[in-house]
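Here the structure is laid out as structure tokens; the discussion comes afterwards.
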Amino acid sequence: MDRIGGTIKQKYQKFLDDVVPFIVPRWLFVVGILFYFVYRIIVLQGWYISCYALAIFHLNLFIAFLSPKIDPSFELAESMDDDEGPSLPTNNNEEFRPFIRRLPEFKFWEQTVISTLIAIFSTFFDCFNVPVFWPILVMYFFILFFLTMKRQIRHMIKYRYLPFTHGKTKYKGKPEVKS
């Protein structure tokens, strides 16, 4: 039994290793299965709790994706003198610390796919079809989303970090001296 489980794990890891370089197709696959899930929810007129739980889980993953691995608000050693706390370097005299995500992009993608497939699987069973008034869930999710993103954006502004590489200044090294 362990041999079969080991073989399955190896094949799954091989598949993951093979799809790593294909960022756009991976995320297009996620969009496709999310559309399929939403289509099932609309057609079946139920499973709103599964949809709500999936949305909350995806929000949690997104926040982890936007957050730094080492939270600057916890680094108090440097911040004893400052009122604002530690921040990323702003001039050449300060130490450069690259932005490292708490949840890397590939793990974000993998967890999104797995959770969406589980949510789709849950729509095949009536025991997960709990009757609820879905507009309340939608309203509550949007309130939660906006409050969470507001807090995250304030954190990003306060500690001066940008979790995306688009729009960042790219520094060039010194030109080579030809002799």
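When you line the sequence shown up against the numbering used here, it's residues -9 to 169, in that order. Glycine is no exception: its CB is placed at the ideal position from the N, C-alpha and C atoms. Computed from a prediction, not measured in an experiment: that's the story for all the values here.
Open item on the list: DSSP three-state label for R150, please.
Closed with: coil
Open item on the list: According to DSSP, is P94 part of a helix, a strand, or is it coil?
Closed with: coil
Open item on the list: Going by C-alpha to C-alpha distance, which of K162, F98 and I133 sits closest to F47?
Closed with: F98
Open item on the list: Checking 8 Å against the spacing of the C-beta atoms, do F89 and Y130 come in under that value?
Closed with: no
- [ ] Mark L44 as exposed unless 16 or more other C-beta atoms lie within 10 angstroms of its C-beta, in which case mark it buried.
- [x] buried
Open item on the list: Please report the straight-line C-alpha distance between G22 and I110, rounded to a whole angstrom.
Closed with: 12 Å
Task: Cutoff 7 Å; reference F96; Cβ partners in own chain excluding five residues on either side - done: V10
TODO: Could you spell out where the alpha helix (DSSP H) holding K4 opens and where it closes?
DONE: D(-8) to V9
Open item on the list: Pull the bridge partners of P125 from the DSSP assignment, please.
Closed with: Answer is none; P125 lacks a bridge partner.
TODO: Let me know if L56 comes out buried or exposed under the rule of 16 or more other beta-carbons within 10 Å of its beta-carbon.
DONE: buried
- [ ] May I have the straight-line CA-CA distance separating L177 from D61, to the nearest angstrom?
- [x] The structure shown does not extend to residue 177, since the chain is modelled only from -9 to 169, so the question has no answer here.
Task: Three-state class that DSSP yields for P58 in the structure shown - done: strand
- [ ] Evaluate I(-6) with the Cβ neighbour count: other Cβ atoms within 10 Å of its Cβ, from every protein chain shown; 16 or more gives buried, anything less gives exposed.
- [x] exposed
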